[in-house]
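*Asks:*
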Amino acid sequence: MCGRYSLATPAQNDLRARFALGESLEIRRRFNVAPGDDVVAVTTSKEGVARGELLRWGLVPHWAKDARTGFKMINARAETVDEKPAYRGALATRRCLIVADGFYEWQRREGAPKLPWHVTRADGAPFAFAGLWAIWHGPAEQVLRTCTIITTQANARLADVHDRMPVILRDQGEEEAWLDHATPVPVALELLRPLPDELTGRRAVGPAVNDARHDEPDCLDDAPAGGEPAPSLF
DNA sequence: CCAGACGTTGTT
DNA sequence: GTCTGG
DNA sequence: CCAGACGTTGTT
DNA sequence: GTCTGG
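Read in order, the letters of the first sequence are residues 1 to 234 in UniProt numbering.
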């Protein structure tokens, strides 16, 4: 799945050019983005123009009674996203990009603490998750713009760490197709594949990332020696 | 018809 | 809002 | 995803 | 165990 990620790339101007985020959007270096945070995203206006904005991670559908619903909807399964009532409408008209440069997966181990891995593109370049977004009108004048990250089966490169991974669009062409309102849903669904093994990089990291409130560079530090999976005793 | 869910992951 | 289950 | 709470009454 | 908050 995808419950934590990074956008640590220091070159903000490169990000603005690469993803058409606009000049005014504030882009902070993030080492530990968690559900409930405002995240850097690209949506499409009614006129069909891509624009950068901040969306709260955790989709709150327009019919939700309260905003806490979002914590249950941080991911949408690619295999069923066109069937689920909570996502089907968004799939047709509110697809978005969520800008990142890595994500974290926790590997469960017998007799040892869960080991976090930082997964990136093999070349370390920033990328976009395939996402969906929604607008929610709360009590008073409260308006929330929220999003979810689509997940799929993990590729072979990550199979020993976890069985799910977020959908990372492969290139700018796929990103434009995902954002384009003219792309029919069946065509958009074809983009929801695992990143190819040869484009995937991974590195075990230390426990700093475990705490969602800790958003510091040491989240990316190498796992301490002995943190790698020990040979099974049996 | 009304009531209640609407989500994913991992673990038992 | 829309679908499913009762 | 992980971490941390999981409760009520009454008083400030 | 399950829910909430980050």
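Where is the CB? At the ideal position from N, CA and C, for every residue including glycine. Since we're looking at a predicted model, the values are computed, not measured.
(1) CA-CA distance, Arg-88 and Val-81?
(2) According to DSSP, is Thr-183 helix, strand or coil?
(3) Between His-214 and the rest of its own chain, which residues show a CB-CB distance below 7 Å, the 5 nearest in sequence each way excluded?
(4) When the Cα atoms are used, what is the spatial distance from Thr-111 to Ala-159?
(5) I need the straight-line Cα distance from Val-42 to Glu-216, nearest angstrom please.
(6) Name the DSSP bridge partner or partners of Gly-102?
(7) Note down the Cα distance separating Ile-150 from Asp-163, rounded to an integer number of angstroms.
(8) Mapping the DSSP letters down to three states, classify Gly-52 as helix, strand or coil.
(9) Just to confirm, is the Cβ distance from Arg-109 to Leu-199 under 8 Å?
(10) Do Val-167 and Ala-130 come within 8 Å of each other at the CB atom, strictly closer than that value?
(11) Should Pro-61 and Ala-8 be called a contact, given that it needs their Cβ atoms to be closer than 8 Å?
(12) What residues in its chain sit with their C-beta under 8 Å from that of Glu-202, if we drop five residues either side in the sequence?
(13) Going by CA-CA distance only, name the one from Ala-204, Glu-174, Trp-63, Gly-173 that's closest to His-137.
(14) Below 8 Å on the Cβ atoms is my contact criterion, and I expect Gly-52 with Val-40 to pass it. Report the Cβ-Cβ distance as a whole number of Å.
(15) So, for Ala-34: in the same chain, excluding its five sequence neighbours on each side, which residues have a beta-carbon less than 7 Å away from its beta-carbon?
(16) Of the choices Thr-148, Thr-93, Asp-221, whose alpha-carbon is the least far from that of Glu-47?
(17) Please tell me whether, using a cut-off of 7 Å, the distance from the CB of Ala-50 to the nearest non-hydrogen atom of the ligand FMN is below it.
(18) Measuring straight from C-alpha to C-alpha, what distance separates Phe-103 and Arg-30?
(19) Distance, Cα to Cα, Asp-221 vs Ala-182?
*Replies:* Inspection of the coordinates gives the following:
(1) 6 Å
(2) coil
(3) Scanning its chain for C-beta atoms nearer than 7 Å, with the 5 sequence neighbours on each side dropped, one finds around His-214 the residues Asn-32, Ala-208, in chain order.
(4) In the sequence as presented, Thr is not what sits at residue 111; that position holds Gly. Cα to Cα, Gly-111 sits roughly 20 Å from Ala-159.
(5) When only Cα atoms are considered, Val-42 and Glu-216 end up about 25 Å apart.
(6) Ser-6
(7) 14 Å
(8) strand
(9) Inclusion of Arg-109 and Leu-199 in the CB contact set at 8 Å is not warranted, their separation being larger than that value.
(10) yes
(11) No. Outside cutoff.
(12) First, the amino acid is wrong: residue 202 is Arg here, not Glu. Cβ neighbours of Arg-202 beyond the five flanking positions: Trp-117, His-118, Val-119, Thr-120, Arg-157, Leu-158, Val-161.
(13) Trp-63
(14) 7 Å
(15) Arg-4, Ala-212
(16) Thr-93
(17) In the structure on display, the ligand FMN does not appear, and there are no ligands present to speak of.
(18) A direct Cα-Cα distance of roughly 11 Å separates Phe-103 from Arg-30.
(19) 43 Å
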